Amino acid sequence: MAASPIVLVDGSSYLYRAFHALPPLTTSQGQPTGAVKGVLNMLKRLIKDYPDSPMAVVFDAKGKTFRDELYAEYKAQRPPMPDDLRSQVEPLHACVRALGLPLLCIEGVEADDVIGTLARRATEAGRDAVISTGDKDMAQLVNGHITLVNTMKDETLDEAGVEQKFGLPPSLIIDFLALMGDKVDNIPGVPGVGEKTALGLLQGMGGGLDAIYADLEKVKTLDFRGAKTLPKKLEEHRDQAFLSYQLATIKTDCELPVGLDDLEIAHPDREALLELYREMEFKAWLSELLEGKDEGVDDVAGGTATPQADAAEPAATPAARDDQVIVDQAALDAWLERLHQAERFCFDLETTSLNYMEAEIVGVGLALAPGEAAYIPLGHDYLDAPAQLDRAAVLAALKPLLEDPAKGKIGQNLKYDISVLANYQIGVVGPLADTMLASYVLNSTATRHDMDSLALKYLGEKTISFEEIAGKGAKQLTFNQIALEQAAPYACEDVDITLRLQHELRPRLEKEGRLAAVLDELELPLVPVLSRMERTGVALDAERLHTQSQALAERIRELEAEAFELAGREFNLSSPKQLGEILFEEQKIPVLKKTPKGAPSTAEAVLEELALDYPLPKVIMQHRGLAKLKSTYTDKLPRLVNATTKRLHTSYHQAVTATGRLSSSDPNLQNIPIRTEEGRKIRQAFVARPGYRIVAADYSQIELRIMAHLSEDKGLLEAFAVGRDIHAATAAEVFGVPLDKVSADQRRSAKAINFGLIYGMSAWGLSRQLHIERNQAQTYIERYFDRYPGVARYMDRIRAQAAEDGYVETVLGRRLYLPEIKAQNHARRQAAERTAINAPMQGTAADIIKRAMIEVDAWLQGSAKTPCEFDAWMVMQVHDELVFEVKEADVDGFIEAVKTHMRDAAELRVPLIVEAESGANWDEAH
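The opening residue of the sequence shown carries number 58 in the working numbering; numbering runs sequentially from there.
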C-alpha cells in the first residue's frame with residue numbers, strides 16, 4: 058500500500074487570497090479575522106481530505122533572497138501589506154501551531170522554494186506530494202508525483218490538468234512566466250509579450266526559450282497577430298527574458314533546517330485553540346471544541362458544516378453540577394424554604410410555545426448557587442411520563458416569592474417569563490437581573506445575546522441546544538413531550554448557566570463607565586412595561602384592511618400592465634434576471650452597479666436612482682412597494698389578531714438594534730410606511746375600542762434637539778430656545794434669505810440638510826436626495842457649517858474621540874462600539890465615522906423614549922407620586938412616539954398630562970417638545 062502523500066501548503070498565497078477574496082470579518086473589539094478564518098477553513102479541509110498525510114504550512118519570511126541579488130527591482134513595486142492583513146499574521150501562525158501543523162518560515166528562502174525543495178525530496182524518497190496553493194507559478198513543479206490543489210476553487214491539477222488549464226505542459230510554465238513577466242513580483246519579462254502572445258510563441262515553437270532564441274526567424278511564420286515584428290523585441294530583450302526565467306524558476310535544491318521527518322502533524326493543543334477561538338470569536342469552532350468534536354470544516358463564509366439529526370441522545374449532565382428533579386412535596390418544601398431565605402434566585406420557565414399568549418407552563422427551573430440547580434416538572438404528558446406535582450399548587454407556592462418586591466429575580470429574557478406568568482395571575486416584581494440585557498448593554502454589537510451564545514463567549518461552555526433534545530423541523534417535540542431524563546438536564550443547565558452569566562457580566566458592566574446605570578435605570582425597569590404593553594395589545598379593523606388589500610391588488614395589476622407596456626413584452630417583475638435583460642440589454646439603460654457575480658444589479662437602491670430618469674424603473678419601484686405593503690401588512694395583520702382577545706399583540710425586542718432603539722415583530726410596527734397615502738391607510742386600521750380614542754404623543758425633532766445639546770452650537774440653541782421653525786431657520790441661513798421669505802422648497806431642502814448631516818451624509822448623498830449637482834450640495838453643507846460652526850466642531854470631536862476610544866456614548870451613558878473606526882478600508886472607516894456622529898443622537902433619543910415609557914407606565918399604574926386619574930392604556934411604541942387608548946371623556950386632560958410626563962423624561966440644553974393628538978384611529982391621531 059502506497060504511503061500517503063506529503064501535503065505542502067502555500068500559506069502566504071492563501072493568506073493574501075483569503076484577505077482579498079472573502080468578506081471582511083472583525084471581532085467585537087475591531088480585530089480583523091477574516092483572512093485567519095479563511096486560511097483555517099482551507100487547512101481544516103486539507104486535514105479532512107488527507108487524514109494520514111504529513112503536512113507543513115509554509116510562509117514567506119522577512120528579508121531578502123537570492124532573487125533580490127539577481128535583480129534589485131524584484132518585488133519592488135509590491136505595495137506594503139495592509140495593516141488589516143498584517144495584524145492577522147501572528148494570530149494565524151498561532152492557530153496553525155495550535156492545530157499541531159508544522160509551520161515553516163525560513164529566513165532567506167521564499168515559501169515557493171521551500172515547497173519546491175520539500176516536494177522534490179518527497180519524490181526522491183518515493184512519495185507523492187500535494188501542493189496546496191492558488192499560485193499559478195507552482196504549476197511548474199507538477200509531474201507524475203506532484204499535484205496542485207486549490208481549495209478556494211476546489212481544483213486539482215495533475216500534468217494533464219496543467220496543460221488543459223494553461224495550454225502548456227508543466228515543463229514550459231517557467232518559459233511562459235519568463236516571456237510575459239509578472240507585475241506582482243515585478244519580473245520584467247519581454248515588453249509587449251502578454252499571456253496570449255507567450256502562449257502562441259511556446260505552442261508554435263514547440264519548446265521553451267532556448268528553442269525560440271535558436272530560431273527567431275521561424276517566429277515570423279507563426280500564425281498569430283504581431284508575430285512578424287516579434288523577433289526584434291525578443292532579440293532586444295534576450296538578457297531580460299533569461300533573467301526573468303531565473304527569477305520565475307522555483308528552486309528545488311535549497312538547504313533547509315528541516316526534513317521530511319519533521320512534517321508529522323502533532324496532536325492539537327486544545328487549550329491554546331480554545332483561547333484563540335474565544336479571542337477571535339470563532340463561535341462555531343469554539344462550540345465544536347467544547348463538545349469534544351474533532352476540528353470541523355466551515356465554508357469560507359463562516360457557516361458551520363456540522364450536521365444535526367432530527368433528534369439526539371440526551372447530553373450528559375456536567376459532573377460539576379448537582380441537579381435535582383423535584384417530584385415530591387418534601388423536596389419542594391425544602392427548596393421553598395431555601396428560596397424564602399435567599400436574597401435573590403434564578404428561575405426559568407419551560408413552556409409549550411415561544412408565543413407567551415399561547416404558552417402553557419411545563420416546568421420551572423430554579424438555581425440559588427452556581428453548580429446547583431433544580432427542575433420542577435409540572436406538565437410532561439408523554440406516554441408513561443412519571444407522576445408530577447400539581448401545577449396550580451406549585452405556582453401558588455411560588456407566587457409569594459415571585460411577587461415579593463424585596464427579592465431579586467435573575468433570568469434570561471425575563472420579559473417572556475413575566476408575560477407567561479401573568480397568564481397565571483402571577484405578577485413578577487422586585488429587583489430584576491436579565492443576562493440577555495446585561496450582555497446587550499455591555500456591548501450591543503458584540504454577539505448574539507441568547508443564552509447559548511453568551512455561555513460560549515463568557516463561560517467557554519457549549520450548552521445543550523433545544524434541537525438536541527427535541528429534534529427539529531416538522532418532527533420537533535414540544536417541551537411537554539420530552540422525556541424527563543432529557544428535559545431535566547436541559548432545564549437545570551438553563552438556570553445554572555444564567556446564574557453564572559449574571560456573576561460574570563455584572564462586574565464587567567460596573568467597570569465600564571455608566572453602563573450599569575443604563576441597565577438598572579432604563580433596560581430592566583422597561584421589561585415589565587413592555588410585557589404589560591404587549592399583553593394589552595391594540596384593536597384592529599380587519600374589514601378595513603381587507604378593503605385596502607383589494608384596492609392594492611387592483612393597483613398592483615395596473616402597475617404590472619403599465620410595466621409590460623413600457624417593456625414592450627410581458628415578464629416576471631420579481632425576476633432580477635428578466636428585469637436586467639429588459640433594462641440593460643433591451644432598453645440600453647446605463648448599468649450603475651454590478652452584483653458580486655458581475656451581473657447588472659437591479660437592487661432597490663439602484664432602481665431608486667434609475668427611477669429619477671427612466672419610467673420603467675419608477676413603475677417597478679411602485680409595484681414592489683405596494684406588493685410588499687399588501688403581503689406584509691394588509692394581508693398579514695388580520696391573521697395576527699389573537700382569537701381570544703381580538704386584539705393585535707406585537708412583540709418588542711430590547712436586545713436587537715445597536716443604538717438602543719426598540720424593535721418589534723409580528724408585526725414590525727417600526728416599518729409601517731407613513732410617507733405614502735397607501736402606507737398611512739394601514740394606520741387607519743389601528744383603532745380604539747368603543748367609547749375610547751387613540752392618542753399619539755410624539756417627540757418633535759428630538760434628534761436635532763439632541764444635536765443642539767451635544768454640539769452646544771449657539772445658533773441651534775437659540776433657534777430651539779425661542780421656538781423657531783428649525784428647518785425654516787436653517788433654510789434662511791443656508792440660502793441667505795429672510796426667515797419670512799423662506800419658500801416651501803427651501804424649507805424642504807433645509808430639512809434634508811438638517812437630518813442628512815446628523816446621519817453623517819456626504820455631499821454626494823445630499824446631491825442624490827435633493828436631485829442637485831454634487832458641487833451645489835457641497836456648497837450647502839459648507840454654508841451650514843459656516844452658520845452652525847458648533848456642529849462642525851462636534852462632528853470633528855466625536856470622530857476623533859471614537860477613533861481613540863473605540864466607542865461613542867449617549868447622553869445617559871449607553872455605549873456603541875465601533876470596531877471599524879480604524880479600518881484601513883476607506884469605505885468601512887467612513888461608515889463607522891458616520892455611525893459615530895449619529896449614534897449618540899439616535900441612542901439618546903432611544904434612551905429618552907425608554908425613560909418616558911417607564912415614567913408614564915408608573916403614572917398609569919398608580920405607582921407614581923401623583924397617580925393617573927384617567928382611564929388609559931399604553932398600547933404601542935414606534936420610534937419617538939407613544940400610542941395610547943384613552944376613554945373619550947378623558948382625552949383632553951390626558952393629553953396635557955402625558956405631554957408633561959414625556960417632557961420631564963430628560964433635561965437637555967433645549968426644550969423637549971411633545972406633540973399629541975387624538976383620533977378614532979392611529980392615522981387620525983397625527
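We put the beta carbon where it would ideally sit given N, CA and C, even for glycine.
Here the structure is a predicted model, which is why all the values come from computation and not from measurement.
- For Ile418, the enclosing beta strand (DSSP E) begins and ends at Ile418 to Ala426.
- If the five residues before and after Met414 are omitted, its C-beta is found closer than 7 Å to the C-beta atoms of Asn699 and His706, all from its own chain and listed in chain order.
- In the assembly as shown, Arg696 is an exposed residue. Its beta-carbon has fewer than 16 other beta-carbons within 10 Å.
- Annotation: Ala235 to Val676 spans about 56 Å, alpha carbon to alpha carbon.
- Residue pairing by DSSP puts His710 in a beta bridge opposite Ser720.
- Residue range Lys340 to Glu348 is occupied by the alpha helix (DSSP H) that includes Ser344.
- Membership of Ala75 in the alpha helix (DSSP H) is indicated by the continuous run Gly68 to Ala78.
- Straight across, the Cα-Cα distance linking Leu767 with Arg571 is about 18 Å.
- For Ile521, the CB contacts under 7 Å within the same chain, skipping 5 residues up- and downstream, are Ala372, Pro546, Tyr547 and Glu550 in chain order.
- Around the beta carbon of Asn978, 16 or more other beta carbons sit within 10 angstroms, so the residue counts as buried.
- If you draw a 10 Å sphere on the C-beta of Asp904, you find 16 or more other C-beta atoms in it, and that means buried.
- One alpha carbon belongs to Ser69, the other to Asn832, and they sit about 45 Å apart.
- Here Thr254 is buried: its Cβ has 16 or more other Cβ atoms, across all protein chains shown, within 10 Å.
- Counting along the chain, Ser606 sits inside the alpha helix (DSSP H) bounded by residues Ala599 to Ala624.
- By the 16-neighbour rule on beta-carbons within 10 angstroms, Trp930 is buried.
- Judged by DSSP in its simplified three-state form, Trp979 adopts coil rather than helix or strand.
- With a cutoff of 8 Å on beta-carbon distance, His324 and Gly157 are scored as near each other.
- In the assembly as shown, Trp916 is a buried residue. Its beta-carbon has 16 or more other beta-carbons within 10 Å.
- Here the region 167 to 184 does not lie against the region 77 to 90, with fewer than 3 beta-carbon pairs under 8 Å apart.
- Under DSSP, the beta-bridge partners assigned to Glu942 are Ile751 and Trp930.
- According to DSSP, residue pairing for Met414 in a beta bridge does not occur.
- Under the DSSP assignment, Ser189 falls in the beta strand (DSSP E) whose first and last residues are Ala186 to Ser189.
- Note on geometry: alpha-carbon atoms of Arg856 and Val848 lie some 12 Å from one another.
- Per DSSP, the unbroken beta strand (DSSP E) holding Thr204 starts and ends at Ile203 to Asn207.
- As DSSP reads the structure, Asn200 sits in a beta bridge with Ile203.
- Between the region 802 to 815 and the region 725 to 742 there are fewer than three inter-stretch CB-CB distances shorter than 8 Å, so the stretches are not counted as touching.
- Setting aside the 5 residues that flank it on each side, Leu452 is surrounded in the same chain by Tyr481, each with a C-beta closer than 6 Å to its C-beta; the list follows chain order.
- As computed with DSSP, Gln381 is found in a beta bridge with Ala431.
- In the DSSP secondary-structure assignment, Leu459 is not bridged to any residue.
- Boundaries of the alpha helix (DSSP H) around Glu665: Glu661 to Leu667.
- Taking Gly748 as the centre and dropping the five residues before and after it, the same chain places the C-beta of Lys944 and Glu945 closer than 8 Å to its C-beta, in chain order.
- In the displayed model, Glu312 falls within coil according to three-state DSSP, outside both helix and strand.
- Under DSSP, the beta-bridge partners assigned to Gly465 are Arg401.
- If you look at Leu214, you'll find it isn't in any alpha helix (DSSP H); it sits in the beta strand (DSSP E) that goes Glu212 to Leu214.
- A check of alpha carbon separations from His560 across Ala599, Ala527, Ala512 and Thr535 identifies Ala512 as the nearest.
- Pairing Gln835 with Lys956, the inter-Cα distance amounts to about 39 Å.
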